[in-house]
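My numbering runs 71 ahead of the 1-based position in the sequence shown.
Heads up, the thing below is written out as C-alpha cells.
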Amino acid sequence: MKMKDTLNLGKTKFPMRGKLATKEVERQKEWEDQHVYERRQELNKDKTPFILHDGPPYANGNIHIGHAMNKITKDIIIRAKSMSGFRAPYIPGWDTHGLPIEQALTNEGVNRKELSLSEFRKLCEEYAWKQVNQQREDFKRLGVAGDWDHPYVTLDPVFEAQQIRLFGEMFNKGLIFKGLKPVYWSPSSESTLAEAEIEYKDVESYSIYITFSVRDGKGKLPDDAKFIIWTTTPWTLPANTAIAVHPDFEYQLVTVNDNHYVIAAERLETLKAEFGWEDVEVEKTFTGRELEYMTANHPFYDRESLVILGEHVTLDSGTGLVHTAGGHGEDDYYAVKAYDLPILSPVDGEGKFTDEAPGLEGIFYEDANEKVVGWLEDEGVLLKSSKFVHSYPHDWRTKKPVIFRATPQWFCSVDKIKADTLNAIENDIEWIHPSGEPRIYNMIKGRGDWVISRQRVWGVPLPIFYAEDGTAICTPETIEHVAKLFEEHGSNVWFEREAKDLLPEGFTHPNSPNGQFTKEKDIMDVWFDSGSSHHGVLRTREELSFPADLYLEGSDQYRGWFNSSLLTSIAVNDQAPYKAVLSQGFVNDGEGRKMSKSIGNTISPNDVTNTRGSDILRLWVTSVDSFYDVRISDDILGQVAESYRRIRNTIRFMLGNIADFEPTEHEVAYEDLDPIDQFMLNQLNEVVKSVRHAYDTYDFMTINHDILNFLTLQMSNFYMDYSKDVTYIERQNDPKRRNMQTVMYEVVKKLTILLTPIIPHTTEEIWSYLKEDADYVQLTEFPEVENYANTDELNKVWVPFLEFRNNVNKSLEKARDEKVIGKSLEAKLHLYLNDEYQTLMSEVGNQLATYLIVSQVELHSLADAPAEADNYENYAIEVDHADGDVCERCRAYRVDVGSNEKAPHLCARCADIVVNDFPELLTEESDA
72 MKMKDTLNLG KTKFPMRGKL ATKEVERQKE WEDQHVYERR QELNKDKTPF ILHDGPPYAN
132 GNIHIGHAMN KITKDIIIRA KSMSGFRAPY IPGWDTHGLP IEQALTNEGV NRKELSLSEF
192 RKLCEEYAWK QVNQQREDFK RLGVAGDWDH PYVTLDPVFE AQQIRLFGEM FNKGLIFKGL
252 KPVYWSPSSE STLAEAEIEY KDVESYSIYI TFSVRDGKGK LPDDAKFIIW TTTPWTLPAN
312 TAIAVHPDFE YQLVTVNDNH YVIAAERLET LKAEFGWEDV EVEKTFTGRE LEYMTANHPF
372 YDRESLVILG EHVTLDSGTG LVHTAGGHGE DDYYAVKAYD LPILSPVDGE GKFTDEAPGL
432 EGIFYEDANE KVVGWLEDEG VLLKSSKFVH SYPHDWRTKK PVIFRATPQW FCSVDKIKAD
492 TLNAIENDIE WIHPSGEPRI YNMIKGRGDW VISRQRVWGV PLPIFYAEDG TAICTPETIE
552 HVAKLFEEHG SNVWFEREAK DLLPEGFTHP NSPNGQFTKE KDIMDVWFDS GSSHHGVLRT
612 REELSFPADL YLEGSDQYRG WFNSSLLTSI AVNDQAPYKA VLSQGFVNDG EGRKMSKSIG
672 NTISPNDVTN TRGSDILRLW VTSVDSFYDV RISDDILGQV AESYRRIRNT IRFMLGNIAD
732 FEPTEHEVAY EDLDPIDQFM LNQLNEVVKS VRHAYDTYDF MTINHDILNF LTLQMSNFYM
792 DYSKDVTYIE RQNDPKRRNM QTVMYEVVKK LTILLTPIIP HTTEEIWSYL KEDADYVQLT
852 EFPEVENYAN TDELNKVWVP FLEFRNNVNK SLEKARDEKV IGKSLEAKLH LYLNDEYQTL
912 MSEVGNQLAT YLIVSQVELH SLADAPAEAD NYENYAIEVD HADGDVCERC RAYRVDVGSN
972 EKAPHLCARC ADIVVNDFPE LLTEESDA
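Here it is, written out as C-alpha cells:
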C-alpha cells in the first residue's frame, strides 16, 4: 500500500476526450431506437403548446452553414421549451417546387422538350425527394430532434390541396385578379419573379440624353422646341408613348445656340455643366401642369408621345422630364394607364424584340442598346452618351439581369389587405429583432400588387378554368373539386387530364354554352407555396395549432417567407400566422466576407460534424450574436472547441470527486451545509435564473457566457481549486467532504440539464455518470430557481471575500516571482486588516488557509503593516515561507508534522486518518 492509496483521489471513467465525431452518431442512433423525441412529446402532451413553425429550406443541394445555424437555433429553442413546461413539437419542412430543380435536371442532361409536362414533373418530384432525404440526414446529424419521419413538404398532395383551398378563399374575396402589368421578368429563367427573388448587383449601363421634338406645343412652345429626357435603358425607347412631368415643378424654355429646349428649372445648372452650355437664355417658365397634353415626335418611330403628369417624377437626376414606357416600368404603367395610352412591351419571354419593334426583331434587349443609340445619333437627337456603373436588379437564382415587362399575369391585390396587414404588424406581432418591425412595415407599405403566376412547369398550378369566351372560372365548387383531386392524385393530375375531366361532373357555365373549357397553364409563385404553410401545416397537423408562437428565419425573409405568410394569412384568417418573429443575420467567414465557393471560404457543416462533432457547431451558435451577421472559420471553431474542452474537463473533475457520492444517502440538506457551500449553491442558483431567462428571451450568448464563467471563475478557479484539501485529504465520510460533494453533484446535475438544448450529445454522456431516475437528460425538466432565505447574508461575506482572494493570489504570484515560495502551500500569509476586514475574516471562519490554499494564516491590525507588505487600501498582505515541515500526505506545511510518533512524516490531521484508517500502511513502512 502507498500513501496515495489513503487519499480520495477523484476517479471517473468519463473520458477526457469526447470523440464527438464518432460517438455522436452512435448516440443519435440510440435516441432514434429508443424513441426519445416521441417520449418527450408524450411527457408534454397535456402542457401548454409552444409552436415554432419551421420555414422550409429549399430542397436542392447539401445544407450550408447558414442552414446549420438556423436549424440548430430552432432545436435549442424547441428543446428548451420542451424542458420548461411546454409541449413543443418540431415538424421540419421543405420547399420543393420552382426553377432551381428544373435547372438541376437540365444540368443533368434531361431534355425537357422530349418529355411530356407530366413526365418532366415526375422527374422533378423524384429529384426533390432525393434532395429532401439527403438534407434530412444532414440536419439529423446536427442533433436536431423532431418528427423527421413525417415532415411537411410542399409537393405533398395534402399540402397542395390546402394551398388550392387557400387560393380559392382569396379568389372568392376578390383578392386575385388578372391584369397586364409590368413585372420583374427574368429572360434567363423565362418567368416572372417576385420582389423576394430579386437581388442587386453593379452593372455598366448607358447614360444618354436625347431630345423629343415638339409636335404640338399648344401655342406655348415654338415649333422647333425640344423636350430633353435622360435614360439608362435605350432599349425601352421603342415602347415609349409619353413624356412625364411633375404637375408642381417649374419648367423652363431655354435657348442655347439657337436651339430651344424644355427642362426642369431646378436642373438647369447641372445640365449646363453636363452639356458644356455657356450662353443659356431662359425664355419662359411653366409649371408642369401647363405642359400637360402637349405632344412630341417619337425619336425614331413615326408616332407621337404625349406629355403627361406623374407624381413619380423627381429632380434627383435627369432633366425633370421622364421617358415613359408603360410596358417597362411600374410607375410608367400607372402613369400611362391614367391617360388610356397603349401599354407597349415589344419583348418576348427570352428577352428578344418582337415585330412590335420594327428594325429590332429577334435582337436580345441588351444587344439592342447599341443599335438604338446609333439610330438616335443618326436622327440627330442624341445630345450626350456615356456609360456608368450602378446597381441593377438581377435574378437571384441565375444571377442574370432582369427587366420590367408587361405581360398578362395573375396578381394578389395587396392594397385591399394592406391596412389590416400594417395594423397586425404594429399591434399583434412581437418583432424580437429591433429592426424587424420597421423593415417589414415599410416593405408592406410600399409593396405593389403581388404577381403570383409563373410561366414554369414544376409547381402548383393555378386552379383556374376558362370559358369559351375567355372568362376566368374559379368557384368554391371548382376549387374544392380540384383540391380533392390533388389530395388523391397530387397536382400532376392537372397536367395529365383535360379541363373537362378536372371539373366537377356535369359542371356548366353560362359563358360556355357548348360545354367547352380550357385550363390555366401557369403555376403559382413558390412564395405562395411556402406562404401557405400556415394553412397546409398549422391547420392540418393535429399536434400543431394556429397561429404559431414563433417564426424564425434569416433576415432576408422579411421580404420572403415572413412577408408572403403574413399576406396570405391576413387574407384568409384576418390575423397574422405568427405571434412573434425572430430573424438571424448571415454567416460570413472569419474576416467578415460573404461565403463564396469562388473565393474558397465556405465551411461545410458536414465537414465540421465529421471532424469536430456537431456539439462544437452547436456551441458555436451560442457563442455568436446571431441577431446580426456572424463569423465562422477554422480558427474560430478552434476557440469554441477550447471552450468545450473547459466545460468537459471541469465537469469531468467534479464527476471524479463525486464518484463515491450517493445522493439518496449522502446529500446534505441546505441548512446543514457550511456557509461557503451554501454560497456556491446560491451562485449556481443565479446561473439557473439567468440561463432560464436567457432561454426565454433567445439570448443564447448569455447562456454560453454565464455557464462558462461560472465553471471557470467560480468552480474551477476557486471552489474546485481548494476542494482538493477536503475531498482528497479528509476521510471519505467527513461532513466537510460530503458538503462539497453535495454542491458538486448539484452543479453537475443542473448545468447538465441546462446545457442539454445546446450540447445534447455531451450532456447525455455526462448524465450516464449521474445517479438519476430519468433514462435521458432530454426527458428531464429545467431546474427551478430556488428561493434561499439567506442569499443577501451570504453575499455580504463571500462576494468581498472572493475579491480579497484575488488580491491574495496577486501577492502569492509576486512572492513566487521573488523566490520566496514555490507552490502556494509553501506560503504563510500575514494579513493586516482594518476593522471591516477583521470582521469579514471572522465570518469566513477557521478554514481561511484552506480557502486561500496556503499552509498558514496570521491576522494582524492594518496599523501594524510593515512598509514592504502589499497594500490594498483596506488591508495589506505579506507572504513568508510557511513554518514547520511539509506533510507527505496533504503536502501542506505544518508545525505538528511528526507529533504522532507512529507517523513521523505526517501532520496531526493526516496522522489521525492514516493511523486509524490505514494502519497497514504504517506496518508496511516499519517492515521496510
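Backbone N, C-alpha and C fix where the C-beta goes; we use that ideal spot for every residue, glycine too.
Original post:
For Asp540, which residues from the same chain have a beta carbon less than 6 Å from its beta carbon, with the 5 sequence-adjacent residues on both sides left out?
Top reply: Asn582
Subject >> Given Tyr922 as reference, the closest of Lys82, Gln785 and Tyr903 once Cα atoms are compared >> reply: Gln785
**OP:** Compute the distance between the beta-carbons of Lys252 and Gln480, then report whether it is under 8 Å.
**Re:** yes
Subject >> Secondary structure of Ile544, DSSP reduced to three states >> reply: strand
**OP:** With a 10 Å radius around its C-beta and 16 neighbouring C-beta atoms as the bar for buried, classify Pro505 as buried or exposed.
**Re:** exposed
Subject >> Minimum length 4: unbroken alpha helix (DSSP H) runs contained in the region 218–274 >> reply: 228–243
**OP:** Please state if the CB of Ala151 and the CB of Pro828 are separated by a distance shorter than 8 Å.
**Re:** yes
**OP:** Tell me the start and end of each unbroken alpha helix (DSSP H) in the region 370–408 that is at least 4 residues and wholly inside, in chain order.
**Re:** 401–408
**OP:** Measure the Cβ-Cβ separation of Leu123 and Tyr161 and say whether it is below 8 Å.
**Re:** yes
Original post:
What separation, rounded to the nearest whole angstrom, lies between the Cα atoms of Val274 and Tyr463?
Top reply: 6 Å
**OP:** Give a yes or no on contact between the region 319–327 and the region 370–378, applying the rule of three or more CB pairs nearer than 8 Å.
**Re:** no
Subject >> Buried versus exposed call for Thr177 [16 or more other C-beta atoms within 10 Å across all chains shown] >> reply: exposed
**OP:** State yes or no: is the C-beta of Lys145 within less than 8 Å of the C-beta of Asp125?
**Re:** yes
Subject >> Proximity of Phe750 and Trp869 at Cβ, strictly below 8 Å >> reply: yes
Original post:
Which residues bound the beta strand (DSSP E) around Ile474?
Top reply: Ile474 to Cys483
**OP:** List the residues that DSSP assigns as beta-bridge partners of Glu352.
**Re:** Thr326
Original post:
Who are the Cβ neighbours of Thr307 in its own chain at under 7 Å, not counting the five residues just before and after it?
Top reply: Ala396 and His399
Original post:
CB Leu431 to CB Tyr280, shorter than 8 Å?
Top reply: no
Original post:
Grouping DSSP H, G and I as helix and E and B as strand, with all else coil, what is Pro128?
Top reply: coil
**OP:** Please report how far the alpha carbon of Met811 lies from the alpha carbon of Ser794, in whole angstroms.
**Re:** 7 Å
Subject >> Closest Cα partner of Trp259 within the set Pro472, Val986 and Asn563 >> reply: The residue you asked about is not Trp; residue 259 is Ser in the sequence shown. Closest option to Ser259, Cα to Cα, is Pro472.
**OP:** Would you mind sorting Val460 into buried or exposed? The rule is 16 or more other CB atoms within 10 Å of its CB.
**Re:** exposed
Original post:
Between which two residues does the alpha helix (DSSP H) containing Phe588 stretch?
Top reply: Per DSSP, Phe588 belongs to no alpha helix (DSSP H) and is neither H nor E.
**OP:** Could you check the C-alpha separation between Asn681 and Asn133 for me, to the nearest Å?
**Re:** 14 Å
Subject >> Boundaries of the alpha helix (DSSP H) in which Asp888 is found, first to last residue >> reply: Thr862 to Asp888
Original post:
Do the CB positions of Arg960 and Thr77 come within less than 8 Å of each other?
Top reply: yes
**OP:** Go to Pro831, then tell me how far its beta strand (DSSP E) extends in each direction, as first and last residue.
**Re:** It is not in any beta strand (DSSP E) - Pro831 instead sits in the alpha helix (DSSP H) that spans Pro831 to Trp838.
Original post:
Which word fits His764, buried or exposed, when buried means at least 16 other C-beta atoms lie within 10 angstroms of its C-beta?
Top reply: exposed
**OP:** Take the Cβ of Pro222 as the centre, count every other Cβ of all protein chains shown within 10 Å, and call the residue buried at 16 or more, exposed below.
**Re:** buried
Original post:
What is the DSSP secondary structure of Phe578, reduced to helix, strand or coil?
Top reply: coil
Original post:
Do Leu609 and Val616 come within 8 Å of each other at the CB atom, strictly closer than that value?
Top reply: Going by the sequence as given, residue 616 is Ser instead of Val. For Ser616 and Leu609, yes; Cβs fall inside 8 Å.
**OP:** Could you check which residue in Ser895, Asn861 and Ser882 has the C-alpha nearest to that of Ala947?
**Re:** Ser882
Original post:
Is the beta carbon of Val925 less than 8 Å from the beta carbon of Leu902?
Top reply: no
**OP:** Look at the Cβ atom of Ser654, then the Cβ atom of Gly507, and state whether they are nearer than 8 Å.
**Re:** yes
Original post:
Should Thr492 and Leu264 be called a contact, given that it needs their Cβ atoms to be closer than 8 Å?
Top reply: no
Original post:
How about Leu841 and Val819: are their beta carbons less than 8 Å apart?
Top reply: yes
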